[in-house]
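Using full-length UniProt numbering, the letters of the sequence shown map in sequence onto residues 1 to 918.
Note that beta-carbon positions come from the ideal geometry of N, C-alpha and C, so glycine has one too.
Here's the structure we're looking at; comments come further down.
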Amino acid sequence: MPLDNQFIKKNYYVTLIENNKTAAPVEILGEMLLEEQNSGGDDFSSIRFAQGELYFHFKDFETAIFKWEKVKNELKPWAKKNIADAYFELHFLSKAEEIYTSISSENPSLNTETALQLFTLYIEQNKIDMAARVIKNTVAENPDYPNVTDLARAFFEEHRDWNSAVELAVSETTRTESMKWFDVLRAYVEKSVTKNIEPDYFSNVLITLYRNDKNRFEELTAAFWDSYKNEEMFLLWIDTINNLFKEVGINESDSWRKISALYQETYLYLINGKYFVKEIAHLVPSLLTNWVKLTDSSHALFASAALLAWNQIFPSTISEEAAAAAEKKIGQSSSKYNWLDDILALFDTIENWAKQHGIEVGHRFQWIVGEMIDLENHHLLVAGSAGSGKSSFINSMLGENISSSPTSALMMFKNHEEVEINEITDTEITSIEDVTEFHERTSKRRQKNDSEICIDFRLPNQILQKNRLSFIDSPALNRSVNKHELFTYLHLADSLLFVLNASDPLTDEELQILLKIKKQAPHLPVHFLLNKVDTVYNEQEALRILDETEAKVNTYFPNAQVFAYSSHYKNQQQTSDFEAFLSSKLNNLHLKKHRTEKLLSFTEETITYLLEKRIEMENSLTESIHWNEDMVLKLTAALHQLNDLQTEKAENIQHSYHVIMKEIQEEITKAIPALIRSCSDMIKEDSDFRKIHFQLNEEINKRIQDYLQNTILPKLYSSIQDWISDAQEELVQSKIYLDEMSEGFNALYGEERIQLECDFRILDDWLRDAGRMTSGIRMETVNVFLRSTPSQLVLKSVGKLFGSIPQNKTMLYNKYKQFIENGEYDELTESIANKFFMQFELFETSLERDIHMFFKNSFTVLTNTVEETEIEIQEKETTLTNMKTKPEHYHDPLTLFKLKLRQYEWMTLVGGNSFQLQ
């Protein structure tokens, strides 16, 4: 290797001249070569090799090449490499590359140096890919060669070839176990250049680091964790780290604060709804198992509760050993965790999620939650059967007649500076002005039996203020107790005061109600008010009833107390005694703890409610689709009926108009020939037969014009007016029919959705057109006797020839009269009629279009409604299909909400708490 170093530095010549310091190296080597030649030797290679080195140092590269080309011995591979170096210095890069790539040697140093020179050459030529390939091969073949890995790293970083840089760091980390390379890899991870590499690729590196330096392992693991977060390979990373901890084993005495925090962050991220359960089901059990093992004290409670909750929701996915360890940690934990805020946040998350899925949790639910987190007041639920005097008791406490019996809504009375009353339903909150309006609305609700209402009644009251108390007045209990509103609001109550009638205390029916309450709310404190003791005829009897009632009550409710009371005795002592009774029974309750537990139960009921809503939504969608399909059939049938109606009305109206025109036309056809023939009375024996045909033609036109103007047009006007009246009646009947159709559809829709309007403006158009067409007519002059027919030509010629001869006038008179009276005028009449009726025929052709305009809006409304309904059907079918084919889109978030809820429930077990897990 020392000799290789001399070859590398081109200092081999020093070994030849080290004993001769008398002259310059060039001179010494020249003398040595001359001496060798004179002695008859034949091995000049070593000397020439050394001479080449000197010439190279003197930058006489051509001479150096010449010398090295003469080398024949074992130095030839190095000489070949040196020749390539010289060509490189001369910038004959292609020649240098050719020589470098032709070198083949078993000497690692020579091969490495050649590769490094070739690497430099490729960089010079900007052949980056080839340079990368050379340096990668060099590192693979001789990674221990001085600076070769650093050179490779610098090259990869300079050219931002991060995959190669990471590959180098991983390789060197595993090979050398050097902390330097661990730190290099961590720097790459922190730059996020590893986020697209499969996490399993780094497993060996992490295992190596775990065994050598746990602090660095935690740092590198945390860096990987952050880099993969929000990336596609994040789940693969979780799987990788889970498997890694499983392989190396976890020593619970080691401190993993950062990783513990990352496990918690990751767990919450995985269950926040971004992933479906099936996507994380294979990861979370291992994640939780590892987390519980390595968690620090600040995360132990959360981790253990999370594991046990997961095991409850997904049984048998966690080992019994891991579950037992988690339970033990919870039992030993002394953490005081404020999980009320987290439960409220969970409820808000559920509420927002429900809104996104088209479900309103409702104002009532929100109000209940708001009251649950009001820790300033104790909620005393006052219940009792009808006739117990419950309302009278509440009124005596409030100091005014507010509560009325029976009531259909739940009411909460709270102290407030001024009266403020709100009526709360699922859909709205209505402010009530005063007590008078409150009683009016209460009376209306009683008639409707509307139980889906809460009343938030705030008023100034010393008893409520002094005792930090809120009364909850429930509707009177009856036999249908299983469906009673009371059970909906048990979570809102901190304790129950059950009002009994002293005349018949604790009936079997009341006892059954109380036992059902106890079953549903086993931890709810229950006490009793024996009311109407004033009805008992003497004090001794009252005491007996009180004792018997207490004995009977204590059989089922050992901790319950009974307080005798009369709503009609308004004395301060009774009120003070009752306040003392309340104070002794209520002040020892851990309000925050119990409210939080109730909020947990209420949140679970909300989740159950949303699951039921899902079924309702599917059923509702199915019903809506079927209903809409039925409506499409009805609407389509209505369109056909409308089309038939339009056709019928068009035919009727057109036919009646056509009949009028035909009658008038027949009249004209008969009248005009008669008019023409009547003109024969103009012919006299003394007429000027040379001009008579002009006079006759003029008179005939005058009579036809007069006939059409003064006889036909008035008759037409009257007939068309009658026709318009009849048509109007037809159209009005159509509108009535369409109105009935609209009412029928709107009754089905439950809203004014269909309005089938008609365009009666066409009647105005017809009236205007009728007036225009019948107001007057100017016919073109008809040539009756000015035509060129043979008979007329003969007659007119004879008239001109013989008209001036008196004895011929009689003959002409008879001929003209005979000609007029016996003439055929059908063609002429038809021509006149055609011209006369032209505008009326145009009007007739427009009738069908006008009637279509009359019904156009109705067609549009029905057609659009069909199209809208079909679109609605398609959208709902798509929604329903998605709901059925992808139930996880709805159920998975609710499952994960329930998972969080179970976790909070487990966290209530800290310090031996006995909260009931369901």
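Measure the alpha-carbon distance for Trp310 versus Pro285 and round it to whole angstroms. For the purposes of this step, residue 310 is taken as the residue at position 310 of the sequence shown. For the purposes of this step, residue 285 is taken as the residue at position 285 of the sequence shown. Going by the C-alpha atoms only, they are around 8 Å apart.
Counting only runs that start and end within the segment 327-415, where is the beta strand (DSSP E) found for 3 or more residues in a row?
378-384, 410-415
Worksheet entry | Residues that DSSP places opposite Thr430 in a beta bridge | The residue you call residue 430 lines up with position 430 of the sequence shown. Paired residue(s): Glu423.
Is it buried or exposed for Tyr556, if we count other Cβ within 10 angstroms and need 16 for buried? For the purposes of this step, residue 556 is identified with residue 556 of the sequence shown, where counting begins at 1. With fewer than 16 other CB atoms across the displayed protein chains lying within 10 angstroms of its CB, Tyr556 is exposed.
CB contact flag (Arg186, Leu168, <8 Å) | Within the sequence shown, the letter at position 186 stands for residue 186. Within the sequence shown, the letter at position 168 stands for residue 168. No; because the gap between Cβ atoms is not below 8 Å, this pair is not in contact.
Exercise for the section: Tell me whether Ser495 sits in a helix, a strand or coil according to DSSP, three-state version. Expected result: Locating residue 495 in the sequence shown gives position 495, where the first residue counts as 1. Reduced to three states, the DSSP call for Ser495 is strand.
For Val562, three-class secondary structure by DSSP
As a first step, residue 562 is located in the sequence shown; it is residue number 562 there, counting from the start. Note: Val562 maps to strand in three-state DSSP.
Notebook entry, point to check: What span of residues does the beta strand (DSSP E) with Ile455 cover, start to end?
Noted result: Taking the sequence shown and counting its residues from 1, one reaches residue 455 at position 455. Element bounds for Ile455: 454-459.
(Q) Measuring alpha carbon to alpha carbon, tell me which residue in Lys898, Thr885, Ile754, Lys518 is nearest Phe859. (A) Translated into the one-based positions of the sequence shown, residue 859 becomes position 859. Checking every option, the nearest Cα to that of Phe859 belongs to Ile754.
query = Any contact of the segment 97-117 with the segment 128-140, i.e. 3+ C-beta pairs under 8 Å?
reply = Put simply, the segment 97-117 touches the segment 128-140. At least three CB pairs are less than 8 Å apart.
request  = Run through the segment 540-618 for me and flag every whole alpha helix (DSSP H) of 4 or more residues, listed as ranges in chain order.
outcome  = 572-586
### Task
Might you give, ordered along the chain, the residues of its own chain that have their beta carbon closer than 6 Å to the beta carbon of Tyr122, omitting 5 neighbours on each side?
Here residue 122 corresponds to residue number 122 of the sequence shown, with the count starting at 1. So the list reads Met130, Ala131, once near-sequence residues are dropped.
Tell me the residue span of the alpha helix (DSSP H) that contains Phe88. For the purposes of this step, residue 88 is identified with residue 88 of the sequence shown, where counting begins at 1. Run containing Phe88: 76-89, per the alpha helix (DSSP H) assignment.
Buried or exposed (CB count within 10 angstroms, at least 16 for buried), Pro887
Here residue 887 corresponds to residue number 887 of the sequence shown, with the count starting at 1. With fewer than 16 other Cβ atoms within 10 Å, it is exposed.
Exercise. Residue range of the beta strand (DSSP E) that Ile777 falls in?
Worked result: Walking along the sequence shown from the start, residue 777 turns up at place 777. From DSSP, Ile777 is part of no beta strand (DSSP E); its letter is neither H nor E.
- Query: Residues in its own chain within less than 7 Å of Ala493 by CB, not counting five upstream and five downstream?
  - Reply: Position 493 of the sequence shown, counted from the first residue, corresponds to residue 493. Only His379, Leu381, Ile472, Leu524 meet the Cβ criterion.
_If you reduce the DSSP assignment to three classes, tell me which class Asn531 lands in._
As a position in the sequence shown, residue 531 is number 531, starting the count at 1. If DSSP states are grouped into helix, strand and coil, Asn531 belongs with the strands.
Look at the alpha carbon of Asn142 and the alpha carbon of Thr174, and state the distance between them as a whole number of angstroms. The residue you call residue 142 lines up with position 142 of the sequence shown. The residue you call residue 174 lines up with position 174 of the sequence shown. The straight-line gap separating the alpha-carbon atoms of Asn142 and Thr174 is approximately 16 Å.
My understanding is that Lys876 touches Ile625, with C-beta atoms under 8 Å, so please give their C-beta distance in whole angstroms. In the sequence shown, the residue the question calls residue 876 occupies position 876. In the sequence shown, the residue the question calls residue 625 occupies position 625. Sure, about 5 Å apart at Cβ, within 8 Å.
Fill in: Coarse secondary structure for Asn243, derived from DSSP in three states
Translated into positions along the sequence shown, residue 243 becomes position 243. Residue state, collapsed to three classes: helix.
Between the Cα of Asn204 and the Cα atoms of Asn230, Met179, Val170, which residue gives the shortest distance? Along the sequence shown, read from residue 1 onward, the residue named residue 204 stands at position 204. Nearest option by C-alpha distance: Val170.
Among Thr101, Arg761, Gly331, which has the Cα closest to the Cα of Ile851?
Indexing the sequence shown from 1 puts residue 851 at position 851. The candidate whose alpha carbon is nearest that of Ile851 is Arg761.
task = Drop a sphere of 10 angstroms on the beta-carbon of Gln903, count the other beta-carbons inside from all chains shown, and report buried for 16 or more, exposed for fewer.
result = Residue numbering aside, residue 903 sits at position 903 when the sequence shown is read from its first letter. The C-beta of Gln903 has 16 or more other C-beta atoms within 10 Å across all chains shown, which makes the residue buried.
Work out the CA separation of Tyr100 and Leu244 for me, nearest whole Å.
-> If you number the sequence shown from 1, residue 244 lands on position 244. If you number the sequence shown from 1, residue 100 lands on position 100. Looking at the two C-alpha atoms, the distance is approximately 45 Å.
| message | In this structure, how does DSSP classify Leu653 when only helix, strand and coil are distinguished? | response | Stepping through the sequence shown from its first residue, residue 653 is reached at position 653. Reading the sequence as shown, one finds Ile at residue 653 and not Leu. DSSP places Ile653 in helix when its eight states are reduced to three.
The ligand ADP heavy atoms versus the CB of Glu730: any closer than 7 Å? Although the ligand ADP was asked about, the structure shown includes no ligands whatsoever.
* Asked: Near Ile653, what residues of its chain come up, given a Cβ to Cβ distance below 7 Å and the 5 sequence neighbours on each side ignored?
  -> The residue you call residue 653 lines up with position 653 of the sequence shown. Excluding residues within five positions, the ones whose Cβ falls inside 7 Å are Ala727, Glu730, Leu847, Ile851.
Could you spell out the range, first to last residue, of the alpha helix (DSSP H) harbouring Asp726? Counting from 1 along the sequence shown, the entry for residue 726 is found at position 726. Start and end: 713-749.
**Study point:** Cα-Cα separation, Lys214 to Trp237
**Key:** As a working note, residue 214 is residue 214 in the sequence shown. As a working note, residue 237 is residue 237 in the sequence shown. Using only the alpha carbons, I get a separation of about 19 Å.
Open item on the list: Can you tell me whether Arg48 is buried or exposed? The criterion is at least 16 other CB atoms within 10 Å of its CB, across all chains shown.
Closed with: By 1-based counting over the sequence shown, the position of residue 48 is 48. By the neighbour-count rule (16 or more Cβ atoms within 10 Å), Arg48 is buried.
Q.
Here's the rule I'm using: 16 or more other beta-carbon atoms within 10 Å means buried, otherwise exposed. How should residue 924 be labelled?
A. This structure does not reach residue 924, given that the chain is present from 1 up to 918, and the question cannot be answered.
Practice item. Given a cut-off of 8 Å, decide if Asn554 and Arg468 are closer than it, judged by their beta-carbon atoms. Key: Taking the first residue of the sequence shown as position 1, residue 468 is located at position 468. Taking the first residue of the sequence shown as position 1, residue 554 is located at position 554. For the 8 Å CB-CB criterion, Arg468 and Asn554 do not form a contact.
Proximity of Ile672 and Lys817 at Cβ, strictly below 8 Å: Position 672 of the sequence shown, counted from the first residue, corresponds to residue 672. Position 817 of the sequence shown, counted from the first residue, corresponds to residue 817. At least 8 Å separates the beta-carbon of Ile672 from that of Lys817.
#### Entry: CA nearest to the CA of Gln125, picked from Ser102, Ala96, Tyr145
For the purposes of this step, residue 125 is taken as residue 125 along the sequence shown, with counting starting at 1. The shortest C-alpha separation from Gln125 is found at Ala96.
Between Ile700 and Ile668, how many whole angstroms is the CB-CB distance? I'm expecting something under 8 Å.
Sequence index remark: in the sequence shown, residue 700 carries index 700 (1-based). Sequence index remark: in the sequence shown, residue 668 carries index 668 (1-based). Not a contact, Cβ separation roughly 14 Å.
Worksheet item: Does the beta-carbon distance from Asp739 to Met853 come in below 8 Å?
Response: Here residue 739 is taken as the residue at index 739 of the sequence shown, counted from 1. Here residue 853 is taken as the residue at index 853 of the sequence shown, counted from 1. In this structure, Met853 does not lie closer than 8 Å to Asp739 by Cβ.
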